[in-house]
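Contents: one structure, followed by commentary.
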Amino acid sequence: MPELKCTVQTCKHNQNYCCDLDKITVGGDAAVAPKDTCCDSFEERKDGYSNSTGKQASLVSQVDCQATECKYNNNCSCQAGKISVEGGNACTCGQTECATFDCSCR
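Sequential numbering from 59 applies to the sequence shown in the working numbering.
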């Protein structure tokens, strides 16, 4: 499982740049650049930090990857050692991205 760093502070699963989900899904079946991907597991945080899920965040997560053109994708499973999900002040999953995405089509 990859080490997952998440900078999307507006996601309720984010705890100090770690994700409290054991498994996330990266969308982007037609992606050719990081901006074409997204974290489909994103859920907007409401009311500041008070609505976190209460689960302990982990440094690693299983990543189901729908970005089939990514060089780290092996049968829809991310094989990168580390990934970074970014999205600043995202309100929807479409405003997030997998910054580690690297198109194998180039």
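Where a beta carbon is used, it is the ideal one built from N, C-alpha and C, also for glycine.
Answer yes or no: do residue i and residue j have a C-beta to C-beta separation smaller than 8 Å?
{"i": "Asp78", "j": "Ala115", "result": "yes"}
{"i": "Gly152", "j": "Cys96", "result": "yes"}
{"i": "Glu155", "j": "Gly145", "result": "yes"}
{"i": "Cys134", "j": "Cys161", "result": "no"}
Closest by CA to residue i, which one among the options?
{"i": "Gln120", "options": "Gln67, Cys149, Ser99, Ala157", "result": "Ser99"}
{"i": "Phe159", "options": "Thr83, Asn74, Ser142", "result": "Ser142"}
{"i": "Lys104", "options": "Gly85, Asn72, Cys64, Pro60", "result": "Asn72"}
{"i": "Thr175", "options": "Met59, Asn74, Val90, Gln67", "result": "Nothing about residue 175 can be read from this structure; the chain reaches only from 59 to 164."}
Please classify residue i: is it buried, with 16 or more other beta-carbons within 10 angstroms of its beta-carbon, or exposed?
{"i": "Leu219", "result": "No answer is possible for residue 219: it lies beyond the span of the chain, which begins at 59 and ends at 164."}
{"i": "Ala125", "result": "buried"}
Exercise for the section: Only counting runs of 3 or more residues, tell me where the beta strand (DSSP E) segments fall wholly within the region 79-110, in order along the chain. Expected result: 81-85
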